[in-house]
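Trainee: Just passing along the structure, written as structure tokens.
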Amino acid sequence: HLHTPLVVVLGHENCGAVAATVEGGDPPGSIGAITAMIAPSVQRVQSLGLSGGELCEMVADVNVGATLSDLKTSPVIKAKLDSGEVTLVGAKYLLSSGEVVFFE
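For the sequence shown, our numbering begins at 10 and goes up steadily by one.
Now the structure itself:
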């Protein structure tokens with residue numbers, strides 16, 4: 010109905026859900042559903058030898074890419090992408106500066 014021509018997957022700095030996923034354990038409340046979706050991105054990044062904030066920021070970026078890939082498997086979105094009716098882009102909101110950085 011909305012004919013949205015642009016879909017932005019927007020991650021952000023200092024994401025609590027990413028930090029909770031990296032830390033592991035049993036997250037409280039509904040955050041468990043979110044951390045389950047982020048966990049594959051943590052696994053992809055672990056071999057890079059990063060830690061702390063650097064690890065969390067890389068996981069956040071990788072998770073944006075993973076979410077874009079997941080969206081591309083939707084039959085509805087794929088059809089719109091193939092016809093040029095929709096564009097998907099990934100980006101990150103930098104809380105420290107208010108800037109939005111778009112990924113290539």
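Glycine included, every Cβ here is placed at the ideal spot set by N, Cα and C.
(1) Are there 16 or more other CB atoms within 10 angstroms of the CB of residue 51, so buried, or fewer, so exposed?
(2) Candidates 93, 103 and 99: which alpha carbon is nearest residue 19's?
(3) If we ignore side chains and look at the alpha-carbon of each, how far apart do residue 96 and residue 71 end up?
(4) Hey, could you find the ends of the beta strand (DSSP E) residue 109 is sitting in?
(5) When you compare the CB positions of residue 54 and residue 68, do they come within less than 8 Å of one another, or not?
(6) Indicate the three-state DSSP secondary structure (helix, strand or coil) for residue 95 in the structure shown.
Mentor: Taking the definition as stated:
(1) Looking up residue 51 in the sequence shown gives position 42. Classification for residue 51: buried.
(2) In the sequence shown, counting from the first residue as 1, residue 19 sits at position 10. Among 93, 103 and 99, the Cα nearest to that of residue 19 is on 99.
(3) Residue 96 sits at position 87 when you count from the first residue of the sequence shown. Residue 71 sits at position 62 when you count from the first residue of the sequence shown. Between the alpha carbons of residue 96 and residue 71 lies a gap of roughly 19 Å.
(4) In the sequence shown, residue 109 corresponds to position 100, counting from 1. Segment 108-111, the beta strand (DSSP E) holding residue 109.
(5) As a first step, residue 54 must be located in the sequence shown, where it is residue number 45. As a first step, residue 68 must be located in the sequence shown, where it is residue number 59. Yes; because the gap between Cβ atoms is below 8 Å, this pair is in contact.
(6) For this step, residue 95 is matched to residue 86 along the sequence shown. Residue 95 falls in the coil class under three-state DSSP.
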